[in-house]
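Participant: Below is one structure. I have some questions about it.
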Amino acid sequence: MNHIGLYYFTVAAEELNITRAAAKLFISQQSLSEHIRRLEKQYDAVFFTRGGRLALTSQGERMLSYAREILEADRDLYVALRDAGQANRIRLNVGMTSNRGNVFLPAVFEAYRRRCPNVVLSILSGNFEYIEQQYQLEKIELYMGMSSNIRTRMPADLLYRDKLFFVLSRVLLERTLGDGSKAFLRAHCRGISLPEACRFPIALPPTTSTLRLVFERCFSKDSLHPDAVLETADHDILFDLASSGVCGCFLSRELLYRKLTAAGCPKDILILPSSDLGELSGFCMVYRRENLSPETQALIDCTRTVIADTLKTIDADLAAVCAAQAQPEKKGTDRL
């Protein structure tokens with residue numbers, strides 16, 4: 012069934028901007044407007060207010076709800092009929108960075124398996140130069156990675172913004188600050204600045220990374236001279252050094268959460284959200300908008316939903332841990 016008009020309408024309704032919607036769909040504004048007019052004529056309805064800022068009418072809001080259901084049902088029907096009519100499984104090739112992907116992949120696979128049981132996902136891991144090369148050669152249908160590394164001209168969907176936490180052991184805190192340790196925790200349980208983090212020995216990302224460039228600008232602005240004990244992009248090494256009391260380090264929330272929930276995690280690890288590094292870059296998904304297969308669209312939908320739900324849990328749990336650390340009666344960080 013051809014629901015291209017419905018699809019164009021949903022994009023315009025979600026963007027509420029004809030210019031952005033047309034660019035996202037890789038069609039002209041005139042063509043998009045014509046599709047919407049045909050749809051309005053077909054249903055004898057008016058979906059958008061005319062003149063002034065674009066907005067949905069009450070009919071448009073109702074249409075958007077039904078259009079989403081119709082498009083999802085159509086994709087599911089297509090996949091179900093293909094699964095029933097083919098003896099061989101369908102293969103979908105996906106590129107992903109190992110560190111980020113490992114956090115979300117199990118839940119994404121589970122959700123996608125329920126929706127597309129006849130599809131085999133083939134995951135290609137590697138550095139961004141290799142992954143993007145494979146994408147340009149059309150060896151993979153889509154890939155995911157940090158926005159600071161994505162260089163393709165294809166549009167990228169932002170899945171989430173990165174958030175950093177400063178990680179150190181209670182041993183290092185007390186060795187460095189002594190009697191001032193408890194006051195330090197209370198003062199910084201909701202956020203620690205880079206200058207405050209540099210009061211401790213610290214492990215830094217390599218000089219080639221985007222995050223290191225941000226650090227260097229802060230060091231220069233505040234005339235900081237951190238006691239850098241190591242430079243590495245290996246998150247496992249960073250966490251091990253921090254947990255052993257050698258130094259502190261910055262980790263992204265999802266990688267930190269995976270470490271804190273792992274068996275055998277040290278209980279005296281302290282985590283403090285960064286207050287001045289901000290949301291530096293985003294985790295994005297890159298795919299070709301034209302001729303998007305139902306299987307690929309289903310994976311995109313599952314990934315968005317799983318990541319959004321997972322991050323809600325991560326944010327709530329990490330916030331609870333940070334708050335608990337500041338309580339006088341707490342001797343160590345509660346396990347998640």
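Using the numbering used here, you'd call the opening residue of the sequence shown number 12 and step up by one each time. Each residue gets a CB set at the ideal place from its N, CA and C atoms; glycine is no exception. Computed from a prediction, not measured in an experiment: that's the story for all the values here.
1. Exposed or buried, which one is G156 when buried takes at least 16 other CB atoms within 10 Å?
2. Taking all protein chains shown into account, decide if I248 is buried (16 or more other Cβ within 10 angstroms of its Cβ) or exposed.
3. Excluding five sequence neighbours on each side, which residues of the same chain lie with their C-beta closer than 8 Å to the C-beta of F20?
4. Would you mind stating whether I280 and A239 have Cβ atoms separated by less than 9 Å?
5. Do S350 and S285 have their CB atoms nearer than 9 Å?
6. Just to confirm the assignment: which complete beta strand (DSSP E) runs, minimum length 3, are found wholly within the region 245 to 285?
7. Within 10 Å of its beta-carbon, does I318 have 16 or more other beta-carbons around it, so buried, or fewer, so exposed?
8. Which same chain residues end up closer than 7 Å to Q336 when comparing Cβ atoms and leaving out the 5 residues on each side of it in sequence?
9. Per the contact definition of three or more C-beta pairs closer than 8 Å, is the region 117 to 136 in contact with the region 264 to 279?
10. Which partner residues does V57 have in the DSSP bridge list?
11. Which term fits P305, buried or exposed, when burial requires 16 or more other beta carbons within 10 angstroms of its beta carbon?
12. Take every Cβ of the region 123 to 143, pair it with every Cβ of the region 293 to 309, and state whether three or more of those distances are shorter than 8 Å.
13. Answer with buried or exposed for Y268, where buried requires no fewer than 16 other C-beta atoms within 10 angstroms of its C-beta.
14. Which whole-angstrom value is the C-beta distance of L135 and V105, which I expect to be below 8 Å?
15. Within this structure, are the beta carbons of L27 and A66 separated by less than 9 Å?
16. Go through the region 97 to 125 residue by residue and report every complete run of the beta strand (DSSP E) that reaches 3 residues or more, in order.
17. By how many angstroms is the C-alpha of A331 removed from the C-alpha of F177?
18. Taking Cβ to Cβ, would you say D173 is nearer than 9 Å to R315?
19. So the alpha helix (DSSP H) F20 belongs to, where does it begin and stop?
20. Applying the 10 Å Cβ sphere with the 16-neighbour rule, what's the burial state of L103?
21. Can you tell me the Cβ-Cβ gap for L235 and F250, rounded? I've got them flagged as a contact below 8 Å.
22. Assign L241 to one of three DSSP states: helix, strand, or coil.
23. Using beta carbons (cut-off 9 Å, strictly below), is Q147 in contact with chain D?
24. Of the choices D320, S231, A208, S133, whose alpha-carbon is the least far from that of R100?
25. For M296, which option in A34, L153, L17, V114 has the closest C-alpha, if you only look at C-alpha atoms?
26. Name, in chain order, the residues that DSSP records as bridge partners for Y298.
Facilitator: Taking the structure as given:
1. buried
2. exposed
3. H46, I47, L50, F58, M74, L75, A78
4. no
5. The structure shown does not extend to residue 350, since the chain spans only 12 to 347, so no value can be given for it.
6. 260 to 263, 280 to 284
7. buried
8. L196, C200, L281, T344
9. no
10. Per DSSP, none; premise fails for V57.
11. buried
12. yes
13. buried
14. 7 Å
15. yes
16. 101 to 107
17. 16 Å
18. no
19. 15 to 26
20. buried
21. Between F250 and L235 the Cβ distance is about 23 Å, and since that is not below 8 Å, they are no contact.
22. strand
23. Reference to chain D is not applicable here, since this structure consists of a single protein chain.
24. S133
25. L153
26. L153
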